[in-house]
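Residue numbers (the working numbering): 13 to 319.
First the structure, in the form of structure tokens, and then the observations on it.
Set out below in structure tokens:
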């Protein structure tokens with residue numbers, strides 16, 4: 013059932029003449045008659061009947077016209093509700109990695125609670141492979157993901173990724189480790205060729221970075237431990253279990269030293285990923301725009317280092 017035909021029925025109920033309906037909607041009388049005939053066949057009842065030289069609605073036609081007023085109004089409300097530039101409202105589902113959620117999304121949620129009271133954000137913490145799987149299954153609307161300059165994500169034509177911010181990463185090592193200032197990344201890695209290495213437990217991007225830089229240094233890293241919590245990675249380094257990548261802006265534990273990496277540098281790149289064709293939805297467009305405008309220099313605020 014097309015709303016266009018329901019609109020014709022509503023106009024006929026109001027005007028009482030197919031000719032007048034045709035003039036109002038900008039078509040011919042025969043087209044109006046044809047379309048109302050199609051609507052009658054779809055409904056399986058007669059909607060109009062002769063009334064002298066004119067026509068009138070049957071009781072079924074009058075009843076359908078009443079329904080049509082409600083249906084057309086609801087469709088128009090939905091159109092206005094979803095149109096680009098409309099007031100954002102509804103529920104937006106976001107899946108993203110912990111740093112993006114904690115430092116960038118949650119402050120926006122707090123701000124929007126007073127500015128857009130009809131907008132609700134549901135948050136799920138997930139590493140990029142998990143968030144992208146939820147997006148593909150239509151179980152989330154926005155995925156906050158990351159990759160690295162040395163481990164770029166494979167392009168996916170079914171989604172659109174909006175760049176958000178970048179952050180330099182270094183190598184977390186025991187504070188007593190002897191690493192010369194200004195050493196190139198392969199030289200830094202070479203000094204830890206005999207160490208165990210710590211990588212993420214739920215994403216392979218940082219492991220790719222570790223293996224890439226280790227290969228440039230001429231060795232294969234012994235990857236032994238896996239953790240997705242940056243605090244846990246620092247705890248493992250403190251316990252002497254190995255070394256691992258950490259954001260340069262991370263406050264370090266007393267027993268951890270963060271060595272900058274250069275030549276090549278290591279840079280995390282954050283993205284807001286949505287399915288193609290959905291980016292104009294007002295809640296999604298708003299959150300994506302606000303995330304993209306967030307200060308890229310925002311520093312993570314981890315817990316106070318243990319004594």
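Using N, Cα and C, we set each Cβ at its ideal position, and we do this for glycine too.
CA-to-CA distance, residue j to residue i, given in whole angstroms
i: residue 137; j: residue 110; result: 6 Å
i: residue 315; j: residue 14; result: Residue confidence for residue 315 is low, a pLDDT of 35 falling below 50, so the modelled location carries little weight; the figure read from the coordinates is stated next. So the alpha carbons of these two residues sit roughly 58 Å apart.
i: residue 117; j: residue 299; result: 8 Å
i: residue 9; j: residue 87; result: This structure cannot settle anything about residue 9, because the visible part of the chain is limited to 13 through 319.
i: residue 99; j: residue 146; result: 26 Å
i: residue 252; j: residue 238; result: 14 Å
i: residue 166; j: residue 224; result: 17 Å
i: residue 160; j: residue 273; result: 13 Å
i: residue 46; j: residue 291; result: 38 Å
i: residue 150; j: residue 215; result: 21 Å
i: residue 42; j: residue 65; result: 15 Å
i: residue 81; j: residue 63; result: 24 Å
i: residue 52; j: residue 68; result: 14 Å
i: residue 142; j: residue 78; result: 48 Å
i: residue 259; j: residue 281; result: 12 Å
i: residue 129; j: residue 242; result: 34 Å
i: residue 192; j: residue 153; result: 46 Å
i: residue 199; j: residue 220; result: 18 Å
i: residue 158; j: residue 144; result: 11 Å
i: residue 122; j: residue 70; result: 55 Å
i: residue 306; j: residue 124; result: 14 Å
i: residue 250; j: residue 222; result: 19 Å
i: residue 194; j: residue 304; result: 32 Å
i: residue 48; j: residue 127; result: 45 Å
i: residue 148; j: residue 85; result: 33 Å
Pair within 8 Å by beta-carbon distance, residue i and residue j
i: residue 163; j: residue 285; result: no
i: residue 182; j: residue 245; result: no
i: residue 190; j: residue 212; result: no
i: residue 59; j: residue 73; result: yes
i: residue 296; j: residue 120; result: no
i: residue 24; j: residue 30; result: yes
i: residue 283; j: residue 175; result: yes
i: residue 233; j: residue 209; result: yes
i: residue 288; j: residue 171; result: yes
i: residue 156; j: residue 218; result: no
Spatial neighbours of residue i in its chain, beta-carbon cut-off 8 Å, leaving aside the 5 residues before and after
i: residue 40; result: 34
i: residue 83; result: 15, 18
i: residue 36; result: 23, 27
i: residue 139; result: 109, 212, 214, 215, 240
i: residue 254; result: 207, 208, 209, 210, 236, 237, 248
i: residue 50; result: 17
Close Cβ partners of residue i (< 7 Å) along its chain, the five nearest in sequence each way excluded
i: residue 275; result: 196, 197
i: residue 318; result: Low local confidence applies: a pLDDT of 35 at residue 318 is under 50, so the model's placement there is unreliable, with the coordinate-based value given in what follows. Correct list, in chain order: 265.
i: residue 204; result: 185, 255
i: residue 277; result: 180
i: residue 61; result: 67, 68, 70
i: residue 57; result: 72
Beta-carbon contacts of residue i that lie in its chain and below 6 Å, excluding the five residues immediately before and after
i: residue 201; result: 225, 226, 229
i: residue 279; result: 161, 178, 180
i: residue 231; result: 205
i: residue 44; result: 20, 30, 33, 34
Minimum Cβ-Cβ distance from residue i to chain D less than 8 Å
i: residue 164; result: Looking for chain D here will not work: only one protein chain is present.
Item to complete: Note down, one range per segment and in chain order, each alpha helix (DSSP H) of at least 4 residues found wholly within the segment 94–129.
Response: 118–127
Item to complete: Flag this pair as touching only if the segment 263–277 and the segment 235–251 have three or more C-beta atom pairs under 8 Å; answer yes or no.
Response: yes
Worksheet entry | Given 8 Å, three or more beta-carbon pairs between the segment 128–142 and the segment 99–115 | yes
Worksheet item: Can you list, in chain order, the stretches of the alpha helix (DSSP H) that have 4 or more residues and sit fully within the segment 197–266?
Response: 197–202, 217–228, 242–250
Item to complete: Output the residue ranges of the alpha helix (DSSP H) runs that lie fully inside the segment 133–158 and measure 4 residues or longer, sorted by chain position.
Response: 140–148
Worksheet item: Can you give, in chain order, each stretch of the beta strand (DSSP E) that sits fully within the segment 273–298 and has at least 3 residues?
Response: 278–287
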